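Here's the structure we're looking at; comments come further down.
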Amino acid sequence: MHECCPVCGLKFEREPGYFLGAMYISYGLALFTIVGLSVLLWIYTKWSLQKTIVWALLLFVPLAPVLTLLSRVLWIYLDQAIDPEKPLE
Ligand SMILES: [Zn+2]
20 MHECCPVCGL KFEREPGYFL GAMYISYGLA LFTIVGLSVL LWIYTKWSLQ
70 KTIVWALLLF VPLAPVLTLL SRVLWIYLDQ AIDPEKPLE
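Using our numbering, you'd call the opening residue of the sequence shown number 20 and step up by one each time.
Dropping the structure here:
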């Protein structure tokens, strides 16, 4: 992840611990993804609940970095909407 936006120069990590808020979004996205994967697996395989959840968790692991990045981007959008910071000139 870049330190600043290459286009407008906006500093992404405004202060230490800034991305702590993104963890809440990440948690929600992860829960939503795991439940979604579980439902899809259950529909197509009719496995037991335990097996379905274990496989959904295993399938989720490679998606974790993408969701972390996505949650940070969503966090920056949310933060800029509430408390905008002028990008560097
Ligand atoms: Zn920008």
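Glycine included, every Cβ here is placed at the ideal spot set by N, Cα and C.
These figures come from a predicted structure and were not determined experimentally.
heavy atom of ligand 1 below 7 Å from residue i C-beta
| i | result |
| --- | --- |
| Leu29 | yes |
| Val92 | no |
| Val80 | no |
| Val73 | no |
| Leu26 | What sits at residue 26 in the sequence shown is Val, not Leu. Flag set: Cβ of Val26 near ligand 1. |
Start and end residues, alpha helix (DSSP H) containing residue i
| i | result |
| --- | --- |
| Val73 | 68-79 |
| Pro84 | 83-101 |
| Phe38 | Per DSSP, Phe38 belongs to no alpha helix (DSSP H) and is neither H nor E. |
Opposing strand residues paired with residue i [DSSP bridges]
| i | result |
| --- | --- |
| Lys30 | Cys23 |
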